[in-house]
Every structure is written in C-alpha cells, then in structure tokens.
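What follows is a set of notes on a single structure, which appears directly below.
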Amino acid sequence: MVSLKKYALAIATLSGLLLSCSDNLDDVSEDDLNPPGEIPADAENFMRSAPVVFTEVNPQNFTFQDEDGDNSDWIELFNPADTAVNLKGFSLSNSESEPRKWTFGNAIVPPQSFLIVYFSKKDRADYETPSDSTDMLGSGAWSWSDSQSTPVAGNSIAEPWQTSNYVSSVNGRRSISGQMQLAVNTELGWSSACIFVGVNSGSTSDVQDLKTANQLLLTGYVTKDEPLEIRLTQPDYDDWLGWSTTITGTGDSSTVYKISLPTGTSFPDLQNIYGTRFAAVNNHYNRVQFKFTSYIACNQGHFPHTNFKLPKSGGSVFLFDSTGALRDSILYPSVPQGKTFSFAGNGWGFAEPTPLGITSEAYAVQATNRFELPESGFYTDPFTVSLTSDSLSVARCELGGKLPTETSPVVTTLDISQTTVLRCATFRTGALPSDVSTRTYIFESAPSIATAFITADPNSLFDPDSGIYEEGPNASPEEPHYGANYWLDKTIPAEITFFEPGAQTPAFSKTVGYEIFGNYSRTNAKKSFALKFRKRYGDSELEYKIFPEFPNLAVFKDLVFRNNGGNFYQDYIRDRLGSSITQGLGVDYQKARPSIVYVNGKYFGIHNIRERLNENYFLTNYGYDEGSIDLLKTNNEVTCGSASDYLALERYIQANDLRDSAAYAYVQSLMDVDNYTNYIQTEMFIANRDWPGNNLKKWKSHSPETKWKWMLYDLDWGFDNGHAEDRYASMNMFEYTLDSTATSYPNGVEYTVPIRNLLKNSTFRNRFINRFVALTVTKFSVDTVLAKIHSMMQEIQAEIPRDQDRWGHNASYMENQLSKIENFAKIRPAQVIAEMEDYFGLSDFATVTLDPGSCGTISVDGISLHHATALKLYPNIPVTLTAEPSAGCTFIGWNDGDTSSVKTLLPADGSVYTALFR
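Residue numbers (mature numbering (1 follows the signal peptide of the UniProt record, and there is no 0)): -25 to -1, 1 to 893.
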C-alpha cells in the first residue's frame, strides 16, 4: 500500500503535469502518464500551492450512491496536508473561461483525507457530516406468524434467536435478534412471519420524531444472501403496510447496513414513527436469522453536489480558489465501462472505482481490438474468422458464452462450420483489456418471427450449485421448490442481440442485466426472464421501437421475455389475448410480440416479449419520471412511491354513501372511473379467477398530477383456462367479483372496495351496464376476438412444432386448449350479458340501432361505435349518446332533428339514431 505522504507527493507531481498538458489526451504520452524515477523535489512546493488536488474522476458512476440513492457522477479531491482545509469560496467548472460556474459552501476536508463532489445538478454547496442520531431499539417487542392465523393456521415461524427475548441488553446497550422462516400454505394462499421492535414501548401512540433523519444504520448479522424486509410503522397504517425496504445479508456480524430514507413526505411520516417491523420476504422460504447490536436513525449528511454534470465522452474539470486563480485541473478521457480515471502509485489511468480510498493500480491505456468479427446471425456456409493484433497484443477467446480472461486461449484464426458462440478480447501487458466482442453464429434457417440471441456466462446460468436456471442446494423438495436458485433476486450480466424477421443483420446488440422472472412459472424448464437496461451494464435504456404496432413506444429500461406463465403447457396466447382486446380503451397493459430465443446458441423457443409493469413503464408510455409515481400491488404493497393517497381514497369510499352525488363526484376527482370500469369489465369478460386477490395493480402520478388508474397483467387464468377451484368456476363473474362475503384469495372483499361501492350509485351503475353492452359488440365481440386469436396463432404457427418438441408439449392437448379459447370467444359475449341481466334483474330490453355513417362515431356512455350497430339496451336504463366527427368532418345533427352532439334518452325498442356529418 502506498503511504499517504508519498501518495500526496505523487499526486502533486501528476497534477502539475496535467495542468500543462494540451486539451487533447492524445498528446499525452504513456511516459507522461506513468512518470519514471523519483518524485521531484519541487513537488512539495506545488502541493502547498494546491490545498486539494484531483485524484479520481467517475463520469459513469453506478456503484457509489449519493444520499438520495442516485448514482450521480463524481470526482474525488484529496487534501495532502497535515491540516484541515475549508474549500468555502473555491469553485469548480468544466470551462477555464467560466471559473465561477459552481462555488463551494462550507466544505472542510480533514488532513490527508478525501472528499467526494457529485456532479448531479442538485447544487448542494456544503459538505455536511452525519448528525442527529436516534436509537431505534426500544423496550417493546413482539412477533407474529401465520401459525397464529384463524380459522386456518399456517406453519411459518418467528421466534427469538441466541437469546430468550427479542430485545436484550448488555452493558446498557440494547440489541435485537430473531429468526423467521416461511412455510407454504396452499389453504391460506399466503405466508407471513415478522418480528417487531418499538422505538420506545412499541405502543402506536408512543412515537418518535425522526424528521431530521435521512438514513437508517443497522450494524450486525443477517444470514448470508437472505433478504430481510424492514418496515417503519406509523399509527395511521397497519404495520404490514408501512414504508419498506429490503436488505440482503452478508453473513458478517460487523456489516453496517445503510438505508436511505425519503424526506418531506407523509409516507413514511418520519415525525410519527413508533417502531420497526422485520419480516421474512414473500416467496423466500429459507430460514433468515438476524442480530443487530446497533440500530440508529440519523442525518447521514451529504457530500457537495455541483450544478452541472460530467460529459461521459471525456472533458475537463478545473478548480479555482476564491480569487479566481486556477489551483488544479484534470483532463479525462472517455472511461471504459465500470472503470474510473484515477491516480495510482504508477500514475493516472483507468482503474476500479475507489471512492474515498487510495487507488493501488491504474492502466494508462486500454487495449484496442484490431479485428472485426463477422456479424451475429444465421449461416449456411462455413467461414473463417481472423483475429489480428499488433506485436504487443494478443487476441484471446472463449466459446460457449464465457468471458475471455488473460488465461484464455490465444486465437489468430478460427474455422466456423457449426453453431458457435464466440467471445474475444485483446490483451496487452500494462494495459486494460479491450472491450469484449460477442458473436453468435447459428447454422440453421432463421425463424419467421423476431429472434433474440442471449449470451451469458454458462456457469451463471446453468451451474448446478449457483446457476440461476437451477434448483441449487437449497431448493425445497415440494413444488414450487422455494429456495431454488431461480427464486433468488439475482441479476447477471448478459448480452442480447436482436433480429427483426427476415433481417440479415442485428437491429441492436446491448449488454444488459438478466434475471429469472415470474411467479410459479419459474419451475418450468423454459423460464421467463427480464432484461434490465442500466448504466452498470451498458446503456441506461434501450432506444428502439421494439413493438412495431406501437411506434410511439421508443425508450425502454426493462423488457420481459415470457414463457406463457401459468399456461406454459397449455397455450401460447391467453394472457396476450386478454390484454390486447382492450387496445384503445385507455387501460394500461403490457404490449407484446412473439419471438424466438437462443441462449448461448441453444434453441429456447417461443417467448413473448412484454413490457414490464414497474416504475419504468411510465417513462416509456407517458414520459413520467419514476420518482413521481405511486404504484401499488394487490394488497396495496408499495412498488414505488406511497400508498397514502390510495388508502385515503379507499377509506373515503368505505365511510361515505356513494349514492350521494357529491360523494360520487369526489371519488371521480381522484380515480379515473372509466378506466376502472374498463379494467373491471375486461377481467369479468375473460373470467379471470386468479383475480382480484392476485394480479391487481393501480397507479397515479404526482407530476403531473393524475387520477388513479388500473393495469391489466397476468391474465393466464382467463378464457376458460380451467385452473380455478370448482367452487369458483361454477360462479358467474358478477357473483364472483361482487361477492360481499368473500374472504381473502381469490376474491376477498378487501380487493373489491371501489366496484362494490360505486355500483350503489345509479349514474355509475347505468353507465356500467350500457358500456358492457357496447363492449360486447365492439372490442369484445365474437368476430373481433376470433380475429385476434387467428392473427396471433398465424404469426407463430410455423414455430410451434419445434417449440413443442423442445419442451415436451403435448400438441393434441394444446390444440384442444386453443379450441376452448375459440369456443369461449364465441359464447362469452352473450353469456356475460346474461350474467349481468341476472345480477341486476334486467328482464326487458329494447333493440336500438345506432348509425354513425362514414364520417364519425357514436359513443355509448363512452364506448365508440364505428359502424351501424344494433344494441340490446334496457328501456329503464338511460343511455348517453355522443356524436364524434372524424378529422375534417363536422357534426350537423341527428336524424330526429336534434342538433346537440350529446343526448341522453330512455331506449325504445326499434328506434334508430343516425348521426349526420358533413
């Protein structure tokens, strides 16, 4: 290890060199970047003239989070002196002609210490050290698990560990410990185990004001690689709905777990915290043990933040003193992925990030590939790959997906005559290895649909002990094998190369994060997987119109390649079909297209490419930043944002009679009622029995402010799937959805609060009835749904036999399932209307013909008709018709002489309403 004194002198020398260099790093020789010999005697004089010097630049940070949890770019400064330095009045700039671009506030750098400055545009001038510590370990503690549930109990455990009590005291210092393990309980449908500790007594009224805190620090042991959920509890929420985060154990009792807290919000309400709930994480069935010897809330302070950012492609940073005199500067190049431009004992160069620490080794240059590999793709004729290099370098390659290392075989030529996955890089002594070139050559005919080549380390994928596709050593012997590797929240680096149908060259190749995705379908041999486009892997997003049907969707941070979920062995289209029939209704759902996937050159068959319904969905579809989104799961667990507003809405709905027009209007102001109606009616139409006690999401934005909306996903159990229990399968969907006595999964009353109460309002109920009728002759009509079924199947028909053979599907059984889907589409419109008539007691009907002509549409309580249509409406249910002209057309009246574009009437049998446009 280099001593701090020698490090300081070396820094001064190199800083002096860089001050005098040109604006182009190409003019800086390797001898300049790695100066030989002793440190010059005048270096100490330079050190005295520059109170702090640059030591590291990271223009693409993804490992060192700031106090807000963001991966802001940063530079590192070092104070080489024996006394502290206050940088107040000093300034940083990326232009020598603009010395006061950003000015330090109070920022004291201790002697021979480092300071990080984030280039985030957040403009925080001061360096604030941690303060305001509050001990979070009070005297009150309790536990709960599903074994205490009634009338049906589970077998999960929550109990003390190593001590007889959860909270113990040694030398006046409290600690908390415990162990938990979830157990599968199919009768309950859920598992739970938690341990609670109060900040004080544990009473909901015995709260602590933590408003000055922005960080939690927990010191102690958590079982290695096991997740532990931590929730702050506040009096106005049930403890299991508190603000939450998850930490993953290191197995080391000296670990300090740092958790950033949101500030200035009502969720969590940091002024009213009464305790912390530690819980086993859903779907993780290994035992998790923990012991924290210290647990405090504090103000973590913050490093300074400038008001400008660092260019990723290279640039300059200048340090000026309070008089405007230049005191130091750094000229940095484009930095390889995952590296920084740093000073080390051997000079400036590329290195592993070491924020607030000494860099031991840096490479002045990165080796460059001098070879050009043929593009990935489908080939029929053999060919030879040549890998050229200069006299100081060699090309090293691996086959099958492994990344090349300095011990990989040296390759100059390679004959390719069969399917091959090739990964090569250039290595040079004293230089950082080049970027890796990855190619997949498939010797077979190209599929008729889009194709994705996935390349990743084969051990990370398929090693029996650690591979994410494998059960591993901790899998439960019982289905669904909780504890298996494929249940872990584990992301590995991979590369995707994507081809459009018929294309000879890739549409794009990206390095991504790759993880197994889904719920019980993880147990299938073909697993769903998710791709994450993040700065830590390569590009922070994918800029590509991957869904041709939706060209407005052009930026993605996540994609899912789905294995058909719970219908893996049954069909290819139920889930995609159920959501696609809502196109144009304003309901959020995952856009989709089919693809063929190859993993490390091996055929993995048909996967549906889907959007991922997480916080990044809203950037793609609305341009909304994830920080403005509240996104909630089925039981109002928070995916991002807060549940506060939605829980307040539900409380209002339950406390007020929505038959009152003012109460109904207030609810309309908070939730998109038409969106919700379309959502509910879609789930009811497809007869999804894995809902609403599962697969339910809702969201809103705060900037801009929007109403609550609902999202469709995971519709596998619709279209006569057959998975539902007999007691639910025999119920019609109105009885099932609106059952006011149902408890818990799958249709508990807690999941249907809005719809059951909204239907008490006559205006909503009438609109609900009329809209459902209109949907069954438009979006949900027999012809429309059958056309979608046939289109989806025709698109993948040529690929089905090979996929079925690859995964052992029963072709006859899948054909039978397709027939069930088609038959459901034929009978369901009339069936669901009959269910509705039975539920609401609608015995009479009136056939009304609506004709919008060719220059507009007629909407029936918001559902548009584009052609002349005969509707079966109800004479005692008023309906609102709206004439809507197409572009370039003008509404002039109705055939009955009425000139108002909106008319509300009681339907009369045999009546005809024609909208007149010109």
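Ideal Cβ placement from N, Cα and C applies to all residues, glycine included.
Do residue i and residue j have their C-beta atoms closer together than 8 Å?
i    : j    : result
T220 : I234 : yes
F747 : V648 : no
F94  : D48  : yes
W674 : K682 : no
P74  : G299 : yes
S554 : L690 : yes
I556 : F755 : yes
N631 : Y621 : no
L367 : R403 : yes
E201 : V159 : no
F318 : T30  : yes
P721 : N669 : yes
K485 : F525 : no
V396 : L374 : yes
I271 : L192 : yes
K577 : F543 : no
P860 : G831 : yes
L607 : L733 : no
V535 : K507 : no
G195 : G113 : no
Return the chain-ordered list of same chain residues with a C-beta closer than 7 Å to the C-beta of residue i, the five sequence neighbours on each side being excluded.
i    : result
S247 : Strictly speaking, residue 247 in this sequence is Asn, with Ser absent from that position. Hits under 7 Å: V182, Q209, P210.
A133 : S118, W119, S120, G153, M155, A168, C169, I170
Q40  : N46
E42  : N189, S235, Q275, H277
V310 : P34, Q35, F316, F325
I771 : I424, Y547, P569, I581
Measure the beta-carbon distance from residue i to residue j and round it to whole angstroms, keeping in mind my assumption that it falls under 8 Å.
i    : j    : result
I151 : V172 : 5 Å
F694 : V807 : Wrong, their Cβ atoms sit about 12 Å apart, outside the cutoff.
K532 : E518 : Rounded, the Cβ-Cβ distance is 11 Å, inconsistent with contact.
A168 : S120 : 4 Å
I391 : P433 : Actually they do not touch by this definition, with Cβ atoms about 19 Å apart.
E774 : I424 : 6 Å
C322 : A337 : Correcting the residue identity first, residue 322 is Gly in this sequence and not Cys. Contact holds; Cβ gap of about 7 Å.
T652 : V752 : With 8 Å as the limit, T652 and V752 do not qualify as a contact, their Cβ atoms being about 17 Å apart.
Which residues does DSSP pair with residue i in a beta bridge?
i    : result
I491 : F504
R551 : Its beta-bridge partners do not exist; DSSP assigns none.
E590 : E590 pairs with nothing; no bridge assigned.
H677 : E680
K672 : M686
P569 : N583
H280 : Y93, R99
Y270 : L193
Q183 : I248
V28  : F53
F709 : BP columns for F709 are empty, so no partner.
D356 : D356 pairs with nothing; no bridge assigned.
Q264 : Q154
N428 : One detail in the question is off: residue 428 reads as Phe in this sequence, not Asn. In DSSP, F428 forms a bridge with T472, Y573.
C169 : W119, A254
Kindly list the residues whose CB is nearer than 8 Å to the CB of residue i, restricted to its own chain and excluding five residues on each side of it in sequence; keep chain order.
i    : result
H456 : E446, A450, W462, T498
N98  : One detail in the question is off: residue 98 reads as Asp in this sequence, not Asn. Excluding sequence neighbours, D98 sits near W77, H280, T281, N282.
A482 : F473, F474, E475, Y519
S441 : N434, S435, G447, N460
N140 : A116
By Cβ distance, which residues of its chain are closer than 6 Å to residue i, with the 5 residues on each side in sequence left out?
i    : result
T889 : D826, N870
G561 : N650
P26  : V60
G602 : none
K801 : V757
D303 : S(-11), A25, V28, F29, L294
Q545 : Q792
Q558 : none
Using 8 Å as the limit for Cβ to Cβ distance, is residue i near chain D?
i   : result
D57 : Reference to chain D is not applicable here, since this structure consists of a single protein chain.
Report the start-end ranges of each alpha helix (DSSP H) in the stretch 589 to 666 that is 4 residues or longer and not cut off at the edges.
Runs of the alpha helix (DSSP H) lying entirely within the stretch 589 to 666, each at least 4 residues long, are 592 to 597, 619 to 630, 636 to 645, 648 to 661 in chain order.
Report the start-end ranges of each alpha helix (DSSP H) in the stretch 758 to 846 that is 4 residues or longer and not cut off at the edges.
Fully enclosed alpha helix (DSSP H) runs of 4 or longer: 775 to 782, 786 to 815.
Going residue by residue through the stretch 308 to 332, where are the continuous beta strand (DSSP E) segments of at least 3 residues, counting only ones entirely within it?
Listed in chain order, they are 315 to 319, 322 to 326.
Entirely within the stretch 361 to 420 and at least 3 residues each: give me those beta strand (DSSP E) ranges in chain order.
Unbroken beta strand (DSSP E) stretches of 3 residues or longer found wholly inside the stretch 361 to 420: 368 to 374, 388 to 391, 395 to 403, 412 to 417, given in chain order.
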